[in-house]
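**Student:** First residue of the sequence shown? That's 0 in numbering that gives the first Met the number 0, and the numbers climb one at a time after it. C-beta: ideal position from N, C-alpha, C; glycine also.
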Amino acid sequence: MDAELGGSEDEPEEGAPAWMSTFADLMSLLMCFFVLLLSFSEMDVVKYRAIAGSMKEAFGVQSKIEAESIPKGTSVIKQEFSPGTPQPTPRPVINQQTTNDSQRSLQVGSQSSQNGGEQSGAESVPQELLREKLREMLSSQGEEEALRQVLRDGIVDGKIDVAASLNQITIRIREQGSFASGQADLNPDFEPLIEQLRTALAEIEGTISVEGHTDNVPIKGNHFESNWDLSAARALTVAKELMKQGTVREARFMVVGHADTRPLKPNDTPENRAANRRVEIVIRNSLNRPGDGDAAPLPEADNAPPAPAVEAPAVEVVPVAETAALQDAAVQGAEAA
Numbered sequence: 000m001d002a003e004l005g006g007s008e009d010e011p012e013e014g015a016p017a018w019m020s021t022f023a024d025l026m027s028l029l030m031c032f033f034v035l036l037l038s039f040s041e042m043d044v045v046k047y048r049a050i051a052g053s054m055k056e057a058f059g060v061q062s063k064i065e066a067e068s069i070p071k072g073t074s075v076i077k078q079e080f081s082p083g084t085p086q087p088t089p090r091p092v093i094n095q096q097t098t099n100d101s102q103r104s105l106q107v108g109s110q111s112s113q114n115g116g117e118q119s120g121a122e123s124v125p126q127e128l129l130r131e132k133l134r135e136m137l138s139s140q141g142e143e144e145a146l147r148q149v150l151r152d153g154i155v156d157g158k159i160d161v162a163a164s165l166n167q168i169t170i171r172i173r174e175q176g177s178f179a180s181g182q183a184d185l186n187p188d189f190e191p192l193i194e195q196l197r198t199a200l201a202e203i204e205g206t207i208s209v210e211g212h213t214d215n216v217p218i219k220g221n222h223f224e225s226n227w228d229l230s231a232a233r234a235l236t237v238a239k240e241l242m243k244q245g246t247v248r249e250a251r252f253m254v255v256g257h258a259d260t261r262p263l264k265p266n267d268t269p270e271n272r273a274a275n276r277r278v279e280i281v282i283r284n285s286l287n288r289p290g291d292g293d294a295a296p297l298p299e300a301d302n303a304p305p306a307p308a309v310e311a312p313a314v315e316v317v318p319v320a321e322t323a324a325l326q327d328a329a330v331q332g333a334e335a336a
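#1: Is Arg272 buried or exposed, if buried means 16 or more other CB atoms sit within 10 Å of its CB?
#2: Are the segment 247-263 and the segment 176-195 touching, with three or more C-beta to C-beta distances below 8 Å?
#3: From Gln244 to Ala232, what does the alpha carbon distance come to, in whole angstroms?
#4: Hey, Val247 and Arg283 are a contact pair by Cβ (cut 8 Å); roughly how many whole angstroms apart?
#5: Please name the residue or residues paired with Glu190 in a DSSP beta bridge.
#6: Could you tell me which uninterrupted beta strand (DSSP E) segments, each at least 3 residues in length, are contained entirely in the segment 23-51, listed from first to last along the chain?
#7: Measure the C-alpha to C-alpha separation of Ile168 and Asn215 and round it to an integer number of angstroms.
#8: Does Glu10 pass the burial test, meaning 16 or more other C-beta atoms within 10 Å, or should it be called exposed?
#9: Tell me the residue span of the beta strand (DSSP E) that contains Asp160.
#10: Taking 8 Å as the limit between beta carbons, can you name the residues of its chain near Met19, skipping five residues before and five after?
#11: Taking a contact to mean a Cβ-Cβ separation below 9 Å, would you say Leu185 touches Glu240 in this structure?
#12: With the cut-off set at 9 Å, would you say Val278 and Phe178 are in Cβ contact?
#13: Please state whether DSSP places Gly245 in a helix, a strand or coil.
#14: For Glu12, is the classification buried or exposed, using 16 other Cβ atoms within 10 angstroms of its Cβ as the cut-off for buried?
#15: Less than 9 Å separating the beta-carbons of Val237 and Val281?
#16: First and last residue of the alpha helix (DSSP H) that includes Glu142?
#17: Look at the alpha carbon of Lys219 and the alpha carbon of Asp267, and state the distance between them as a whole number of angstroms.
#18: Count the other C-beta atoms from every protein chain shown that fall within 10 angstroms of the C-beta of Ala230, then say buried if there are 16 or more, exposed otherwise.
#19: Check for me: the alpha helix (DSSP H) holding Glu270 runs from which residue to which?
#20: Shortest alpha-carbon distance to Leu150 belongs to which of Ala163, Ser164, Ile193?
#21: Between Leu25 and Ser40, what straight-line distance do the alpha-carbon atoms span, to the nearest angstrom?
#22: Which residues does DSSP pair with Val255 in a beta bridge?
#23: By the DSSP assignment, the beta strand (DSSP E) with Thr169 in it spans what residues?
#24: For Glu279, list the residues DSSP reports as bridge partners.
#25: Once DSSP output is grouped into helix, strand and coil, what is the label at Leu263?
#26: Any heavy atom of the ligand GDP within a distance shorter than 8 Å of the CB on Leu35?
#27: Near Ile159, what residues of its chain come up, given a Cβ to Cβ distance below 8 Å and the 5 sequence neighbours on each side ignored?
#28: Could you tell me the distance, in whole angstroms, from the CA atom of His212 to the CA atom of Ile203?
#29: Out of Val161, Ser180, Ala49, Thr206, which one is the CA nearest neighbour of Asn340?
#30: Exposed or buried, which one is Met242 when buried takes at least 16 other CB atoms within 10 Å?
#31: Count the other CB atoms within 10 Å of the CB of Ala250; is the residue buried (16 or more) or exposed (fewer)?
#32: In angstroms with no decimal places, state the Cα-to-Cα distance between Ile207 and Ala234.
This is the structure:
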């Protein structure tokens with residue numbers, strides 16, 4: 000009776016129903032899936048701000064966010080399977096190399112055509128400034144000190160010396176940096192100093208004697224027969240360089256070759272022989288300062304022992320124009336022989 004009154008339905012089993020375990024597994028898998036999606040995604044702040052700015056502009060938001068770059072979509076398929084970058088088809092090129100002579104002439108021609116007008120103007124300005132500066136120093140400091148200031152770089156480098164006496168100024172050009180051993184061709188690196196000398200000599204009055212000196216070592220295997228020829232040829236080369244451009248009158252020049260007859264030091268060491276190889280530019284009757292004493296010694300001649308007397312033939316001092324004519328005549332006679 001009691002069973003019939005209580006009903007025939009079964010009592011529910013204790014614990015969670017069976018479907019709950021399956022549902023829990025499904026939720027766990029979904030959570031793992033979203034966690035993986037979140038971990039795989041990369042937060043780009045710049046792109047996020049750009050997208051946010053574009054969304055706000057689309058919906059009429061007043062605030063403005065400037066985007067540094069426009070966001071672009073990426074495709075894994077495009078990155079992995081995109082075709083390669085096409086390479087340009089090479090074209091055959093034929094290079095033609097000119098010879099040294101023609102190439103040099105072409106370079107000189109192009110430089111002269113492009114810089115013809117500019118070069119003359121650029122050179123004239125420094126020369127004028129140098130002359131004005133030299134005139135000011137001549138009026139305030141004297142000729143010797145003015146020359147030292149103008150030729151300061153050459154004096155510091157040991158290429159030249161300047162000294163003065165009662166009635167002359169001597170500018171000594173050392174062989175180092177000016178001439179190669181046994182040669183009479185002036186080195187191109189020495190041309191800036193020659194240019195400064197040319198400008199300075201134009202502002203100083205007096206006769207200009209260009210005198211060449213050598214050591215006592217005889218010349219061997221050279222086209223100069225003796226040290227006399229070498230010293231005269233070097234002096235003539237310097238004189239010709241100073242007479243260029245017509246800045247200094249040719250009538251003021253004399254060329255002298257002394258060979259080894261007037262050494263500064265005894266020719267007993269390589270250093271002394273190097274000091275004796277020189278070209279001196281002597282400006283006479285250019286200083287008229289009353290009260291001056293004896294001649295001031297040149298820097299390298301200080302306390303030097305007297306050189307042994309050398310008997311040598313007298314060297315005739317002739318104008319540079321006649322010297323050049325005699326040299327040309329000698330060369331022509333040698334070629335005819």
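**Tutor:** In short:
#1: Residue numbering aside, residue 272 sits at position 273 when the sequence shown is read from its first letter. In the assembly as shown, Arg272 is a buried residue. Its beta-carbon has 16 or more other beta-carbons within 10 Å.
#2: No, the segment 247-263 is not in contact with the segment 176-195.
#3: Sequence index remark: in the sequence shown, residue 244 carries index 245 (1-based). Sequence index remark: in the sequence shown, residue 232 carries index 233 (1-based). Rounded to whole angstroms, Gln244 and Ala232 show a C-alpha spacing of 21 Å.
#4: Sequence index remark: in the sequence shown, residue 247 carries index 248 (1-based). Sequence index remark: in the sequence shown, residue 283 carries index 284 (1-based). With 8 Å as the limit, Val247 and Arg283 do not qualify as a contact, their Cβ atoms being about 15 Å apart.
#5: Here residue 190 refers to the residue found at position 191 of the sequence shown. For Glu190, which the question treats as bridged, DSSP gives no partner whatsoever.
#6: For the segment 23-51, not a single whole beta strand (DSSP E) run of length 3 or above is found.
#7: On the sequence shown, residue 168 is found 169 positions in, with the first residue counted as 1. On the sequence shown, residue 215 is found 216 positions in, with the first residue counted as 1. Annotation: Ile168 to Asn215 spans about 26 Å, alpha carbon to alpha carbon.
#8: Locating residue 10 in the sequence shown gives position 11, counting from the first residue. For Glu10, the number of other beta carbons within 10 angstroms of its own is below 16, and it is reported as exposed.
#9: For this step, residue 160 is matched to residue 161 along the sequence shown. Segment 159-163, the beta strand (DSSP E) holding Asp160.
#10: Counted from its first residue, the sequence shown places residue 19 at position 20. Closer than 8 Å at the Cβ level, and outside the excluded window around Met19, lies no residue.
#11: Within the sequence shown, the letter at position 186 stands for residue 185. Within the sequence shown, the letter at position 241 stands for residue 240. Against a cut-off of 9 Å, the Cβ pair of Glu240 and Leu185 comes out as a contact.
#12: Walking along the sequence shown from the start, residue 278 turns up at place 279. Walking along the sequence shown from the start, residue 178 turns up at place 179. Yes, the pair counts as a contact, with Cβ atoms nearer than the cut-off.
#13: As a working note, residue 245 is residue 246 in the sequence shown. Three-state result, Gly245: helix.
#14: Here residue 12 corresponds to residue number 13 of the sequence shown, with the count starting at 1. Per the 10 Å Cβ criterion, exposed.
#15: Residue 237 sits at position 238 when you count from the first residue of the sequence shown. Residue 281 sits at position 282 when you count from the first residue of the sequence shown. At least 9 Å separates the beta-carbon of Val237 from that of Val281.
#16: For the purposes of this step, residue 142 is identified with residue 143 of the sequence shown, where counting begins at 1. Glu142 -> alpha helix (DSSP H) spans 142-149.
#17: Reading the sequence shown from its first residue, position 220 is the one you call residue 219. Reading the sequence shown from its first residue, position 268 is the one you call residue 267. So the alpha carbons of these two residues sit roughly 19 Å apart.
#18: Counted from its first residue, the sequence shown places residue 230 at position 231. Looking at the sequence itself, residue 230 is Ser, so the reference to Ala does not match. That one is buried.
#19: The count along the sequence shown starts at 1 and reaches residue 270 at position 271. In the DSSP assignment, Glu270 falls within the alpha helix (DSSP H) that extends over 269-275.
#20: Your numbering for residue 150 matches position 151 in the sequence shown. When each option's Cα is compared against that of Leu150, the closest is Ile193.
#21: Counting from 1 along the sequence shown, the entry for residue 25 is found at position 26. Counting from 1 along the sequence shown, the entry for residue 40 is found at position 41. Approximately 23 Å, taken between the alpha carbons.
#22: The residue labelled residue 255 in the question sits at position 256 within the sequence shown. DSSP output for Val255 lists Glu210 as bridge partner(s).
#23: Position 170 of the sequence shown, counted from the first residue, corresponds to residue 169. In the DSSP assignment, Thr169 falls within the beta strand (DSSP E) that extends over 167-173.
#24: Position 280 of the sequence shown, counted from the start, is the residue given in the question as residue 279. Paired residue(s): Arg171, Glu210.
#25: For the purposes of this step, residue 263 is identified with residue 264 of the sequence shown, where counting begins at 1. Coil.
#26: Because no ligand of any kind appears in the structure shown, any question about the ligand GDP cannot be addressed here.
#27: The count along the sequence shown starts at 1 and reaches residue 159 at position 160. Hits under 8 Å: Leu150, Gly153, Ile170, Arg171, Ile172, Arg173, Leu192.
#28: Numbered from its first residue, the sequence shown carries residue 212 at position 213. Numbered from its first residue, the sequence shown carries residue 203 at position 204. If I take the Cα positions, the gap works out to 24 Å.
#29: A query on residue 340 cannot be resolved here, the shown segment of the chain reaching from 0 to 336 and no further.
#30: Within the sequence shown, residue 242 is the residue found at index 243, counting from 1. With 16 or more other Cβ atoms within 10 Å, it is buried.
#31: Position 251 of the sequence shown, counted from the start, is the residue given in the question as residue 250. Around the Cβ of Ala250, a 10 Å sphere holds fewer than 16 other Cβ atoms; the residue is exposed.
#32: In the sequence shown, residue 207 corresponds to position 208, counting from 1. In the sequence shown, residue 234 corresponds to position 235, counting from 1. Their backbone Cα atoms lie some 12 Å apart in a straight line.
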